[in-house]
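Enquirer: Could you have a look at this structure, given as structure tokens, before my questions?
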Amino acid sequence: MRYAETGFNLEVDLTRGNIERVPTDPDLTELHLGGLGTNARMMWDRVGPNVDAFDAENLLVFGTGLLAGTPAPGCNRTIVSTISPQTKLMAFSMMGGFWGPELKHAGYDKLVIRGRAPEMVYLYIKDDQVEIRDAERFRGLGTLESAELIRQELGDPNVQISSIGLAGEHKVFFASIEQGRASASRLGVGAVMGDKNLKAIAVRGSKDIQIARPMEFIQHCNEALKYIEKRDKNPIPNVMPILAGLGSPQEMAVHDEKWHTENFMWGNARERRKEFWTEEIQEVWTDTMETMRTRLLSCHNCPMKCGASIAVDKRFCSYMMKCFSKLTYTMGAYSDLDFGLRIAQKATEHGIDAFSGPQTMAFAVELYEAGILSDQDMPDFPPDNEGRFYWLLDRIVRREGIGDVLADGTYWAARAIGKGADEFAHNNIKKTEQLPLKLGMLNPIYFLMYCTGEKANITQIEGNWPQAPFPTREEREDFVADWPHVPHEKFKEWFVEWELRGEKSIPNYPPSEATNEIVDWQERMHYIDDSTGMCAGLSSFPLKPPFQIHNLPGLISSGAGLDLDEDALVHLTKRNRNLVRANNLRRGMTRADEKAPEDHWKRRFPELEQKLLDEYYRYKGWNNEGVPTRETLHELGLDYVYEEFVRMGILTEEETATAGTAAKEGGGP
184 MRYAETGFNL
194 EVDLTRGNIE
204 RVPTDPDLTE
214 LHLGGLGTNA
224 RMMWDRVGPN
234 VDAFDAENLL
244 VFGTGLLAGT
254 PAPGCNRTIV
264 STISPQTKLM
274 AFSMMGGFWG
284 PELKHAGYDK
294 LVIRGRAPEM
304 VYLYIKDDQV
314 EIRDAERFRG
324 LGTLESAELI
334 RQELGDPNVQ
344 ISSIGLAGEH
354 KVFFASIEQG
364 RASASRLGVG
374 AVMGDKNLKA
384 IAVRGSKDIQ
394 IARPMEFIQH
404 CNEALKYIEK
414 RDKNPIPNVM
424 PILAGLGSPQ
434 EMAVHDEKWH
444 TENFMWGNAR
454 ERRKEFWTEE
464 IQEVWTDTME
474 TMRTRLLSCH
484 NCPMKCGASI
494 AVDKRFCSYM
504 MKCFSKLTYT
514 MGAYSDLDFG
524 LRIAQKATEH
534 GIDAFSGPQT
544 MAFAVELYEA
554 GILSDQDMPD
564 FPPDNEGRFY
574 WLLDRIVRRE
584 GIGDVLADGT
594 YWAARAIGKG
604 ADEFAHNNIK
614 KTEQLPLKLG
624 MLNPIYFLMY
634 CTGEKANITQ
644 IEGNWPQAPF
654 PTREEREDFV
664 ADWPHVPHEK
674 FKEWFVEWEL
684 RGEKSIPNYP
694 PSEATNEIVD
704 WQERMHYIDD
714 STGMCAGLSS
724 FPLKPPFQIH
734 NLPGLISSGA
744 GLDLDEDALV
754 HLTKRNRNLV
764 RANNLRRGMT
774 RADEKAPEDH
784 WKRRFPELEQ
794 KLLDEYYRYK
804 GWNNEGVPTR
814 ETLHELGLDY
824 VYEEFVRMGI
834 LTEEETATAG
844 TAAKEGGGP
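When you line the sequence shown up against the working numbering, it's residues 184 to 852, in that order.
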């Protein structure tokens, strides 16, 4: 019997209209868990390095986390994997909500879409009943509107629906897949869904999910719930309110935005808006949020209520807002929260990423004001920023006029426009992926997580390590006194020594050994979350979450029936981390791509940045180009990756494994 997972994938070929219920290999669960881990293996095995995002051979994989749908609090994540039209690399975009658990209860661990339907269709899954249905009447409709009409057609208000809007239909490179309480927003997964002429996926399930050792598993769950209650009643002292508790990096119940509005460079901005936040703005923003916010929302089986239902007008569908999308349009247009909430409703209906979308619009405004885009390019362009953003949104999602160019994102649009436009596309990483925001001072930890990470959304570059040192040693000592989450006591020593100013401050602190291990720890936690389906808000993002490296092995083992101790779980996450990287190395990613935008920090330290990369590569068991060595791949059971790398000339048979040896001796992968 299979535990926590169903043991079956649902494979749908839209070109041929074939539907198959395919048994999965239990060995892959032991090697990779689920979610991102098994998605990465599937993409490696079945999507070659020359397959383009809009080729019919490209897969669109909805992979539920191993523990999604079980009683584990916060385990509801689905990882959507495909080839990104924006980066040309393997994309993985996460969504929470209820869709993933519903797919599990319908009897499937993954939904694998291939091919392309001749006309617009939607997929209906109800346990063993799976149908490809006509959706031409929903073409051109928004994500929220089409989902509601499908519910009415099915006569089931509880069916869970993932859908695309105009942006997905027109293959905008940053189109999202929207799903009620959540969305898969990054890297253009909605564009791939649109290319396949798949408007929506409706899921309803009624099957049980088996637990290997129920009493032990429930005990782990109850301990986590007790910890959540404790943290709620005893917030962490000496940190901003948003970090004192648990949940999303941007709680919709929090109205004080002084930290976020003044300390980051938003959208396409080059400067922070210091002294932006005033008592008057806080009063207006609080009134706006409390007027438009109808209620706070949680994802499946989660007590946190990080999101909110927003109703801007009775004429339009209410929508779900979460995280930094509260601020991206507002700060990108230099406007107010009322505008941000209103345009976000339209953008959600259209289905575009709330990070890349407003950044691209701000980029276009800058080009217009610099004279690079003319009145001929932008006919009837409004004089005010709010009007300009609405004007641009409507044209981007329809790929009309200049919107057709901008729909490819800032990097590709700049190349097409020319005339110096590339200097305005200054917030990209891995050449093409648009960062949500920029920081102030070079932080070695964030530098490595930004540059070597495979997905630069907010939570993926932060974690259980504080964003900045506390002002006094006494405060730092108080913090580490109750910090069982760290892998080793030395992490506490590093934090206590970290200072705001002086010899032990950024960019020269933490030292290399500490920086490497801290980044590795942060990555490890995210990779565990992305393979189990755990929300980062209860594990890898908050400073002191209920789930951490010491209790997750017991939760996973008792739920899935695996024999995982802490060392085995660490080894497994290293395997997944290297396999995700291997997918992208095979598609042409190089060391040259692993750099921050030129103006990401006020001051740059080129020699230090290269030294950080050199030492981190060695720690991870990668060569000087960032490619895992033969020894590293062998130790992780990835010999098939090594063989492919040799065949493609990425590695040579004679290449030594000194980097891998150094990593092994130093405690790395």
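Built from N, CA and C at the ideal position, the CB exists for glycine as well. Keep in mind it's a predicted model, so treat the numbers as computed, not measured.
Residue range of the alpha helix (DSSP H) that Thr698 falls in?
Expert: Position 515 of the sequence shown, counted from the start, is the residue given in the question as residue 698. Its alpha helix (DSSP H) spans residues 695 to 715.
Enquirer: Are Arg476 and Met435 touching if we call contact CB-CB under 8 Å?
Expert: In the sequence shown, the residue the question calls residue 476 occupies position 293. In the sequence shown, the residue the question calls residue 435 occupies position 252. Contact flag set, yes.
Enquirer: For the candidate residues Leu819, Pro728, Asn201, Thr812, whose alpha-carbon lies nearest to that of Lys413?
Expert: As a first step, residue 413 must be located in the sequence shown, where it is residue number 230. Nearest option by C-alpha distance: Pro728.
Enquirer: Does DSSP put Phe572 in a helix, in a strand, or in coil?
Expert: Within the sequence shown, the letter at position 389 stands for residue 572. Here Phe572 sits in helix by DSSP.
Enquirer: List in chain order: all unbroken beta strand (DSSP E) runs of 3+ residues lying wholly within the segment 245 to 327.
Expert: Correct list: 261 to 266, 273 to 278, 293 to 297, 304 to 309, 312 to 317.
Enquirer: Counting along the chain, where does the beta strand (DSSP E) carrying Ser366 start and finish?
Expert: Working through the sequence shown from its first residue, we reach residue 366 at position 183. Its beta strand (DSSP E) spans residues 365 to 367.
Enquirer: When you compare each of Ala236, Arg260, Gly252, Pro486 to Phe245 by their alpha carbons, which one comes out closest?
Expert: Within the sequence shown, the letter at position 62 stands for residue 245. The shortest Cα separation from Phe245 among Ala236, Arg260, Gly252, Pro486 belongs to Arg260.
Enquirer: From Ala527 to Ala494, what distance separates their C-alpha atoms?
Expert: Numbered from its first residue, the sequence shown carries residue 527 at position 344. Numbered from its first residue, the sequence shown carries residue 494 at position 311. Each residue's alpha carbon lies about 11 Å from the other.
Enquirer: Which value, in whole angstroms, describes the spacing of the CA atoms of Thr593 and Glu792?
Expert: Here residue 593 is taken as the residue at index 410 of the sequence shown, counted from 1. Here residue 792 is taken as the residue at index 609 of the sequence shown, counted from 1. So the alpha carbons of these two residues sit roughly 25 Å apart.
Enquirer: So, is His483 buried or exposed, given that buried needs 16 or more other C-beta atoms within 10 angstroms?
Expert: Locating residue 483 in the sequence shown gives position 300, counting from the first residue. Counting Cβ neighbours within 10 Å, His483 comes out buried, since at least 16 surround it.
Enquirer: What does DSSP give as the partner residues of Gln362 in its beta bridges?
Expert: To locate residue 362, count along the sequence shown from 1; it is residue 179. Answer is Ala365, bridged to Gln362.
Enquirer: Using only CA atoms, which one of Glu203, Ser267, Ala385 lies nearest to Val304?
Expert: Along the sequence shown, one-based indexing puts residue 304 at 121. Of the listed residues, the one whose Cα sits closest to Val304 is Ala385.
Enquirer: Consult DSSP for Glu645 and reduce its assignment to one of helix, strand or coil.
Expert: Against the sequence shown, residue 645 aligns to sequence position 462. Looking at Glu645 - three-state DSSP - the assignment turns out to be coil, as it is neither helix nor strand.
Enquirer: Say whether the segment 682 to 701 touches the segment 763 to 775, bearing in mind that this needs 3 or more beta-carbon pairs closer than 8 Å, one atom from each stretch.
Expert: Because the criterion of three Cβ pairs below 8 Å is not met, the segment 682 to 701 and the segment 763 to 775 do not touch.
Enquirer: Leaving aside the five residues before and after Ile555 along the sequence, list all residues of the same chain whose C-beta is less than 6 Å from its C-beta, in chain order.
Expert: Counted from its first residue, the sequence shown places residue 555 at position 372. Once the five neighbours on either side are set aside, the close Cβ partners of Ile555 are Lys602, Ala604.
Enquirer: Across the segment 309 to 324 and the segment 247 to 265, are there enough close Cβ pairs to call them in contact, namely three or more that are closer than 8 Å?
Expert: No, they do not touch.
Enquirer: Express the C-alpha separation of Arg455 and Glu462 in angstroms, rounding to a whole number.
Expert: As a first step, residue 462 is located in the sequence shown; it is residue number 279 there, counting from the start. As a first step, residue 455 is located in the sequence shown; it is residue number 272 there, counting from the start. Cα to Cα, Glu462 sits roughly 19 Å from Arg455.
Enquirer: Does the Cβ-Cβ distance between Asp536 and Ile262 come in under 8 Å?
Expert: Counted from its first residue, the sequence shown places residue 536 at position 353. Counted from its first residue, the sequence shown places residue 262 at position 79. Cβ distance not < 8 Å, so Asp536 and Ile262 don't count as in contact.
Enquirer: Rounded to whole angstroms, how far is the Cβ of Ala582 from the Cβ of Leu214, which I believe are closer than 8 Å?
Expert: For the purposes of this step, residue 582 is taken as the residue at position 399 of the sequence shown. For the purposes of this step, residue 214 is taken as the residue at position 31 of the sequence shown. The sequence as given places Arg at residue 582; Ala does not occur at that position. Contact doesn't hold; Cβ gap of about 41 Å is too wide.
Enquirer: Where does Gln617 fall in DSSP's three states?
Expert: Translated into positions along the sequence shown, residue 617 becomes position 434. Here Gln617 sits in strand by DSSP.
Enquirer: Would DSSP call Lys382 helix, strand or coil?
Expert: One-based indexing of the sequence shown puts residue 382 at position 199. Three-state result, Lys382: strand.
Enquirer: Considering only their Cβ atoms, is the gap separating Leu429 from Leu721 smaller than 8 Å?
Expert: As a working mapping, residue 721 is identified with position 538 in the sequence shown. As a working mapping, residue 429 is identified with position 246 in the sequence shown. Going by C-beta atoms, Leu721 is nearer than 8 Å to Leu429.
Enquirer: Taking Asn192 as part of the beta strand (DSSP E), name the residues at either end of that continuous run.
Expert: Residue mapping note: residue 192 aligns to position 9 of the sequence shown, counting from 1. Asn192 -> beta strand (DSSP E) spans 191 to 196.
Enquirer: Taking Glu440 and Leu332 to be in contact with their CB atoms under 8 Å, please state how far apart those CB atoms are, rounded to whole angstroms.
Expert: Residue 440 sits at position 257 when you count from the first residue of the sequence shown. Residue 332 sits at position 149 when you count from the first residue of the sequence shown. Between Leu332 and Glu440 the Cβ distance is about 36 Å, and since that is not below 8 Å, they are no contact.
Enquirer: To the nearest whole angstrom, what separates the beta carbons of Ile394 and Leu726, a pair I think is in contact under 8 Å?
Expert: Taking the sequence shown and counting its residues from 1, the one referred to as residue 394 is at position 211. Taking the sequence shown and counting its residues from 1, the one referred to as residue 726 is at position 543. At roughly 30 Å, the Cβ-Cβ gap does not stay under 8 Å, so Ile394 and Leu726 are not in contact.
Enquirer: Can you tell me where the beta strand (DSSP E) holding Gly490 begins and where it ends?
Expert: The residue labelled residue 490 in the question sits at position 307 within the sequence shown. 490 to 493 is the extent of the beta strand (DSSP E) around Gly490.
Enquirer: Closest by CA to Phe653, which one among Leu683, Tyr517, Lys675?
Expert: In the sequence shown, the residue the question calls residue 653 occupies position 470. Selected option, being the one with the closest Cα: Leu683.
Enquirer: So the candidates are Lys614, Gly685, Asn421, Arg571; which of them puts its Cα closest to the Cα of Glu657?
Expert: Sequence index remark: in the sequence shown, residue 657 carries index 474 (1-based). When only C-alpha atoms are compared, the closest one is Asn421.
Enquirer: Assuming contact is defined by CB atoms lying nearer than 8 Å, are Ala608 and Phe546 in contact in what I supplied?
Expert: Indexing the sequence shown from 1 puts residue 608 at position 425. Indexing the sequence shown from 1 puts residue 546 at position 363. It is a contact, given that the beta carbons lie within the stated cut-off.
Enquirer: Measure the alpha-carbon distance for Glu749 versus Ile732 and round it to whole angstroms.
Expert: Here residue 749 refers to the residue found at position 566 when the sequence shown is read from its first residue. Here residue 732 refers to the residue found at position 549 when the sequence shown is read from its first residue. Glu749 and Ile732: Cα-Cα distance of roughly 7 Å.
Enquirer: DSSP puts Gln343 in a beta bridge; with which residues?
Expert: If you number the sequence shown from 1, residue 343 lands on position 160. DSSP, once it has assigned bridges, lists Val386 as partnering Gln343.
Enquirer: Starting from Met503, trace the beta strand (DSSP E) in both directions and tell me its first and last residue.
Expert: Indexing the sequence shown from 1 puts residue 503 at position 320. Taken as a continuous stretch (DSSP letters only), the beta strand (DSSP E) holding Met503 covers 502 to 504.
Enquirer: Does any C-beta atom of chain B lie closer than 8 Å to the C-beta of Glu836?
Expert: This model lacks chain B altogether, as it is built from one protein chain only.
Enquirer: Starting from Pro789 and walking both ways along the alpha helix (DSSP H), at which residues does that stretch end?
Expert: Position 606 of the sequence shown holds residue 789. Per DSSP, Pro789 belongs to the alpha helix (DSSP H) from 789 to 803.
Enquirer: Would you identify the three-state DSSP class for Thr461, choosing helix, strand or coil?
Expert: Working through the sequence shown from its first residue, we reach residue 461 at position 278. Thr461 falls in the coil class under three-state DSSP.
Enquirer: Whose CA, out of Gly685, Asn647, Glu660, lies closest to the CA of Val669?
Expert: As a first step, residue 669 must be located in the sequence shown, where it is residue number 486. For Val669, the nearest C-alpha among the options comes from Asn647.
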